[in-house]
Amino acid sequence: MRIRVVSSREEIFTLNPNERIVHLAFRPSNKDIFGLVETCPKIEVIQLPKSYRRTVSKSIEMFLQMQRVQLIEGDVWGHRKDINEYYSISSSIIEKIKEMKIEGKSAEEIEKRVSRESKLNSEMVAYIMSKEITA
Numbered sequence: 707m708r709i710r711v712v713s714s715r716e717e718i719f720t721l722n723p724n725e726r727i728v729h730l731a732f733r734p735s736n737k738d739i740f741g742l743v744e745t746c747p748k749i750e751v752i753q754l755p756k757s758y759r760r761t762v763s764k765s766i767e768m769f770l771q772m773q774r775v776q777l778i779e780g781d782v783w784g785h786r787k788d789i790n791e792y793y794s795i796s797s798s799i800i801e802k803i804k805e806m807k808i809e810g811k812s813a814e815e816i817e818k819r820v821s822r823e824s825k826l827n828s829e830m831v832a833y834i835m836s837k838e839i840t841a
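Just so we're aligned, residue 707 is where the sequence shown starts under the working numbering, counting upward by one.
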């Protein structure tokens, strides 16, 4: 699973229209988010750092809900955009989630443990659980 890291508003319009998960490494305006949803019609998740997440307007939150796009708070720890424009979630993390699911662990327990071990936000772990396990 890959997260496309976008570090500037100019980059939004150069994205592949098939992107499903995007991390915005800058403080987006309403116009930037509208542009992102328009450029990437298949988008499912927009991830923002905690400080930027708090500045998103209620109207944009409602717009994203209507578009069925999740707005998740989180970071891409240790990612270097100059080396790769994607942050990859390792298959070992996905396997760990599947194993814990098979063991009968609760969703909350899986989210807490995997987010602690992998530095992924618990909301992202929940998204991975909903996508990868059913896929």
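Glycine included, each C-beta is placed from N, C-alpha and C at the ideal position.
- Within the same chain, and ignoring the five residues on either side of SER763 in sequence, the residues whose Cβ sits closer than 7 Å to its Cβ are ASN736.
- Judged by DSSP secondary structure, LEU770 falls within the alpha helix (DSSP H) whose first and last residues are 764–772.
- Close CB contacts of GLU750 within its chain, under the 6 Å cut and outside five residues either way in sequence, are with ARG726 (chain order).
- GLU744 sits in a helix when the DSSP states are folded into three classes.
- Look at GLU750 here: in three-state DSSP terms it is coil, with no helix or strand label.
- Under the three-state reduction of DSSP, SER757 is assigned to helix.
- Here GLU801 carries a helix assignment [DSSP, helix/strand/coil].
- Using a Cβ-Cβ distance cut-off of 8 Å, the region 765–779 and the region 801–812 are not in contact, since fewer than three pairs of beta carbons, one from each stretch, lie closer than that value.
- Counted as a single uninterrupted DSSP element, the stretch harbouring ILE795 is not any alpha helix (DSSP H), since DSSP gives it neither H nor E.
- Per DSSP, the unbroken alpha helix (DSSP H) holding VAL820 starts and ends at 813–824.
- Contact between ILE766 and LEU742 fails: their C-beta atoms lie close to 11 Å from each other, not under 8 Å.
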